[in-house]
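These notes concern the structure reproduced below.
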Amino acid sequence: MKTGKIRTYLVDDNLHVLETLGTLLEAYEHIEVVGTATNIEEAKIGILATRPKFLLLDVLFPGNTGFELVEELNKVPDYKFYVVLITGIPEYVQPAVEFNSDFVLTKPIHPDGLTKAVNIVSLLIENEMKGNDEPLHFKSKGNDVFIRRSEILWVEAAAHDSILYTSTNEIITVSNSIKTVSDLLGVERFIQTHRSYLVKKDAIWTLSNFTGNIKIKNNTFASEPQLSESRYKAVKDELKKNSEKK
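Have a look at this one:
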């Protein structure tokens, strides 16, 4: 790990869970816990004051949810963070996955699960800091695969996994949520066109608000990424802005 210490904030209304997380995280030299909170309002104040890069956040709180906090923090200008959602309620696991957190940790907290969460976030941050076209590391059906950002045309969400469509005419299913893949690829080159689709900006040929489809330059695949009506204007404006920069 070459990114220095990762500033981390813990949020859970259960003090025992906070203590457990704090103790377990002491084993990771590159993790620095900069604050804890037991409710959403306290967490929001503390997070905005300390600007942690990594949030470990419970899903359910009296009167509100961790989802709401993440949505509020996403609106803060110039603040990029990574979030692992925590829940001990089975029916909240799937919503947490669909919310596109970087990882979902279930209670009771197990060291192996926490290690996986820390490793994923550490890798995301390291790739963010590199900001180049070095091969990205994914897991596909238990195997290690390495793909360059420049080779990925678009990404499609598939339950807990993501499907990568590449310029080398490959379709690769990787064991990462679309949120995690989005964090790896970065917003400079890719844009969310639909809840389930992430597309390389330079690969887009045409947009159709009427059909909800996107035409990809030199597309050799039978399928194409989708464009939601709610995202049409934002995608169009972003592509126009990129075009004006060139």
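Here the working numbering = 1-based position in the sequence shown + 118.
Think of the CB as a built atom: it goes at the ideal place given N, C-alpha and C, for glycine as much as any other residue.
Residue i - partner residues in DSSP beta bridges
i: Ser341; result: Its beta-bridge partners do not exist; DSSP assigns none.
i: Thr233; result: DSSP lists no partner for Thr233.
i: Asn294; result: Bridge partners of Asn294: none, in fact.
i: Ser258; result: Asn261
i: Ile207; result: DSSP output for Ile207 lists no bridge partner at all.
i: Arg125; result: Glu150
i: Val317; result: Trp272 and Ile309
i: Lys333; result: Thr324
i: Ser348; result: DSSP, once it has assigned bridges, lists no residue as partnering Ser348.
i: Val222; result: Leu203
Cβ neighbours of residue i in the same chain (closer than 6 Å, five flanking residues each side left out)
i: Gly153; result: Tyr127, Gly164 and Thr168
i: Ser280; result: Val273, Val292, Asn294, Ile296 and Val299
i: Val263; result: Phe256
i: Phe308; result: Leu316 and Lys318
i: Asn327; result: Tyr350
i: Phe172; result: Ile124, Thr126, Tyr200 and Val239
CA-to-CA distance, residue j to residue i, given in whole angstroms
i: Val317; j: His278; result: 19 Å
i: Tyr87; j: Gln212; result: This structure leaves residue 87 out entirely; the chain is present only between 119 and 364.
i: Lys335; j: Leu187; result: 38 Å
i: Lys234; j: Ser268; result: 27 Å
i: Asn287; j: Phe339; result: 7 Å
i: Val353; j: Ser341; result: 20 Å
i: Leu303; j: Val177; result: 26 Å
i: Ser285; j: Ala321; result: 10 Å
i: Lys123; j: Val194; result: 22 Å
i: Asp301; j: Phe217; result: 14 Å
i: Val215; j: Glu209; result: 11 Å
i: Pro229; j: Pro170; result: 22 Å
i: Leu136; j: Asn337; result: 49 Å
i: Glu197; j: Leu174; result: In the sequence under discussion, the amino acid at residue 197 is Tyr, which differs from the Glu named in the question. About 16 Å.
Neighbourhood of residue i by C-beta, 8 Å cutoff - its chain only, sequence neighbours within 5 removed
i: Thr121; result: Because the pLDDT at Thr121 is just 46, under 50, the model does not fix this residue reliably, and the value given afterwards should be weighed accordingly. Result list for Thr121: His148, Ser240, Ile243, Glu244 and Met247, in chain order.
i: Arg313; result: Ala275 and Ser346
i: Met119; result: Caution is warranted here: a pLDDT of 42 is assigned to Met119, below 50, making its placement in the model unreliable, and no coordinate value can be reported.
i: Ser258; result: Ile290, Thr291, Val292 and Ser293
i: Gln344; result: Thr311, His312, Ser314, Tyr315, Gly330, Asn331 and Ile332
i: Asp355; result: none
Close beta carbons around residue i, own chain, < 7 Å, minus the five adjacent residues each side
i: Ala155; result: Val129, Ala161 and Gly164
i: Val236; result: Tyr146 and Ile149
i: Val151; result: Thr126, Leu128, Gly140 and Leu143
i: Ser219; result: Val201, Val202, Leu203 and Lys297
i: Phe179; result: Asp131, Asn157 and Ile158
i: Leu357; result: Lys319 and Ile322
i: Ile207; result: Leu178
i: Asn360; result: Lys319
Supposed close pair residue i, residue j - CB separation, criterion 8 Å
i: Leu254; j: Ile265; result: 6 Å
i: Thr183; j: Thr205; result: Actually they do not touch by this definition, with Cβ atoms about 10 Å apart.
i: Ile227; j: Thr138; result: 5 Å
i: Phe185; j: Leu191; result: At roughly 11 Å, the Cβ-Cβ gap does not stay under 8 Å, so Phe185 and Leu191 are not in contact.
Residue i at chain C interface by Cβ criterion, 8 Å
i: Asn132; result: In the displayed structure, chain C is absent; only one protein chain is listed.
Only counting runs of 3 or more residues, tell me where the beta strand (DSSP E) segments fall wholly within the region 138-204, in order along the chain. 149-155 and 172-176
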